[in-house]
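Enquirer: The structure under discussion is supplied below as structure tokens; questions concerning it will follow.
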Amino acid sequence: MEKEKTAGQQLAERLLLNRKNMGMSGDDASEQAAQDFCTPYMAFLDRCKTEREAVSEIIKLVQQKGYRPFDPNTHYQAGDQVYYNNRGKALILATIGTQPLSEGVRIMASHIDSPRLDLKPNPLYEEAELAMFKTHYYGGIKKYQWGAIPLALHGVIVKKNGETITVRIGENAGDPVFLVNDLLPHLADEQMKRPLAQGLKGEELNVLVGCRPFKDDKVSERVKLNVIRLLNEKYDIVEEDFLSAELCMVPAFCAQDIGFDRGMIGSYGHDDRVCSYTSLMAALEVEHPTKTLLTVFADKEETGSDGNTGLNSHYLEFFIEHLAKQEGLCGRDVLSHSTCLSADVNAAFDPTFGDTLEKRNCAYLNYGVVVTQYTGSRGKYGTSQASAEFMAQVRSFLDDAGVAWQTGELGKVDLGGGGTVAKYIAALDVDVVDVGVPVLSMHAPFEVVSKNDVYATYQAFKAYAQAN
1102 MEKEKTAGQQ LAERLLLNRK NMGMSGDDAS EQAAQDFCTP YMAFLDRCKT EREAVSEIIK
1162 LVQQKGYRPF DPNTHYQAGD QVYYNNRGKA LILATIGTQP LSEGVRIMAS HIDSPRLDLK
1222 PNPLYEEAEL AMFKTHYYGG IKKYQWGAIP LALHGVIVKK NGETITVRIG ENAGDPVFLV
1282 NDLLPHLADE QMKRPLAQGL KGEELNVLVG CRPFKDDKVS ERVKLNVIRL LNEKYDIVEE
1342 DFLSAELCMV PAFCAQDIGF DRGMIGSYGH DDRVCSYTSL MAALEVEHPT KTLLTVFADK
1402 EETGSDGNTG LNSHYLEFFI EHLAKQEGLC GRDVLSHSTC LSADVNAAFD PTFGDTLEKR
1462 NCAYLNYGVV VTQYTGSRGK YGTSQASAEF MAQVRSFLDD AGVAWQTGEL GKVDLGGGGT
1522 VAKYIAALDV DVVDVGVPVL SMHAPFEVVS KNDVYATYQA FKAYAQAN
């Protein structure tokens, strides 16, 4: 029989924070639930490597659940489910609650863009009888990680007549892939003396796309001509059409199980599609919330949330104003009573690089969803810190729902840091805190998350959406 606990053990159990007790139970049932939840998530990752693809896929899923396009002239009733598509690159879902909007709304806000290599407006060129694409990297990347890996071409081309052509090459069996060349080590003495950040420079991220010349000695740049001929045959485009295109190179990897125990997922784009998927699944299961539930999928977070599809614009505010008008309210009256989970990832502790994180205040793989009270850098610049009152509310609904959770910071104080959409939503007079999945190798072409943490994050969003 287990020995009776000493007075000191009982006191420690009652008074001290035990992070392990806040983590996953590790029982077979919970691990199987996490496995079952993550199988369709991995398929979602493979289908949604850009924000446009994510919006298209999410709309398909929500339409199957009965959501319909938002009409600002329609008066909605409790239980109605609508979506607002912002230019095919950002999306808002709404499930109307039983309480009046004067009580505020609940917001779950993730982003669906990820670091990548965007094609420049005039990308195609030929040199040394090789056809190449010029790129301009998007978001915070380690440039050297993008050399000598298989890449796929995704995006849209819009012709002058308004026709939109969807491009997706490198994902299906039999498709060609592309890559950024790197220098062989035999000739790389000078390159390897560079600082790591310049192992590959921005203007060296040129993508190899062809080598066979068009068979006509009377024309110049025959390899380039042959590439554009092939694109013309497939998509009916000319080189000028690149000027009105949004094309990018993304890793051609599929999501895969990691580890002998298959407890982790390796994939491109966990940041932040892991939070977009988990918040989406939670939203789809909550049909009659007390407070109106808004699930936001934003663009442009990786470059500062600017632009008309980023959350540093007004489209979320305008959407809430439309809802408020139906009840004779001002949007600000709704916002000032609202709360938000900024659904974004945080860094997981990596024992190989353990000196970058402060062990008492960082997130760990397999400890559950991570709640990040503040982000920013160094002296908390560029952050919105959640209030103690709102943190207490978050603790309460997570514990009441039995969700495995932990807290985290993004690195040691003086090492750097980062930001999320939280500060833009806080600027609308909304209480907000960051909640999401801890990630290894964040912003790399192949990131890693724990399946248990993914499932716990879904449970956290569901608990928030259903809270009284």
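Numbering-wise (the numbering used here), the sequence shown opens with residue 1102 and increments by one. C-beta atoms are modelled at their ideal positions from N, C-alpha and C, and glycine is treated no differently. Everything numeric in this text was worked out from a predicted model, so none of it was measured.
#1: Specify the secondary structure class of A1210 as computed by DSSP and reduced to three states.
#2: Looking only at C-alpha atoms, which of T1558, E1386, V1514, S1485 sits nearest to D1532?
#3: Beta carbon of I1258, beta carbon of I1266: below 8 Å?
#4: From G1367 to L1252, what distance separates their C-alpha atoms?
#5: Which of the three DSSP states is assigned to A1527 in this structure?
#6: Applying the 10 Å Cβ sphere with the 16-neighbour rule, what's the burial state of N1327?
#7: Can you tell me which of E1230, A1346, A1399, K1294 puts its alpha carbon nearest to the alpha carbon of Y1525?
#8: Any idea what DSSP makes of M1102, helix, strand or coil?
#9: Based on the DSSP secondary-structure assignment, which residues constitute the bridge partners of Q1110?
#10: Helix, strand or coil: which one does DSSP assign to Q1357?
#11: Given a threshold of 16 other Cβ atoms within 10 Å of its Cβ, counted over all protein chains shown, does C1376 qualify as buried or as exposed?
#12: Looking only at its chain, what residues have a beta carbon closer than 8 Å to the beta carbon of D1276, apart from the 5 residues adjacent to it on each side?
#13: Look at G1300 and K1221 and say whether their C-beta atoms are less than 8 Å apart.
#14: Report the rounded CA-to-CA distance for M1543 versus V1549, giving the unit in angstroms.
#15: Pop quiz: L1218 and A1356 are said to be a contact at Cβ under 8 Å. What is the actual Cβ separation, rounded to whole angstroms?
#16: Taking its Cβ as the centre, do 16 or more other Cβ atoms sit within 10 Å of Y1556, making it buried, or is it exposed?
#17: Exposed or buried, which one is P1546 when buried takes at least 16 other CB atoms within 10 Å?
#18: In chain order, what are the residue ranges of uninterrupted beta strand (DSSP E) at least 3 long that sit wholly in the region 1232-1287?
#19: By DSSP, does N1447 sit in helix, in strand, or in coil?
#20: Please check the pair G1518 and R1479, which I expect to be a contact at CB under 8 Å, by giving their CB distance rounded to whole angstroms.
#21: Just list the residues that DSSP pairs P1539 with in beta bridges.
#22: What does the Cβ neighbour count give for A1087, buried or exposed, with the cut at 16 atoms within 10 Å?
#23: Looking only at DSSP bridge pairs, what is R1169 linked to?
#24: Shortest alpha-carbon distance to L1348 belongs to which of H1237, E1490, Q1494, T1508?
#25: Does E1322 come out as helix, strand or coil in the three-state DSSP assignment?
#26: Which two residues bound the contiguous beta strand (DSSP E) that contains I1421?
Expert: In short:
#1: strand
#2: S1485
#3: yes
#4: 16 Å
#5: helix
#6: buried
#7: A1399
#8: In this predicted model, M1102 has a pLDDT of only 45, less than 50, meaning its place in the structure is not dependable enough to derive any value.
#9: For Q1110, which the question treats as bridged, DSSP gives no partner whatsoever.
#10: strand
#11: buried
#12: A1253, I1270
#13: no
#14: 8 Å
#15: No, L1218 and A1356 are not in contact; Cβ-Cβ is about 20 Å, not under 8 Å.
#16: buried
#17: buried
#18: 1252-1259, 1265-1270
#19: strand
#20: 7 Å
#21: N1447
#22: Residue 1087 is absent from the model: the chain starts at 1102 and stops at 1569.
#23: V1183
#24: H1237
#25: coil
#26: Here I1421 belongs to no beta strand (DSSP E); instead the alpha helix (DSSP H) covers 1416-1427.
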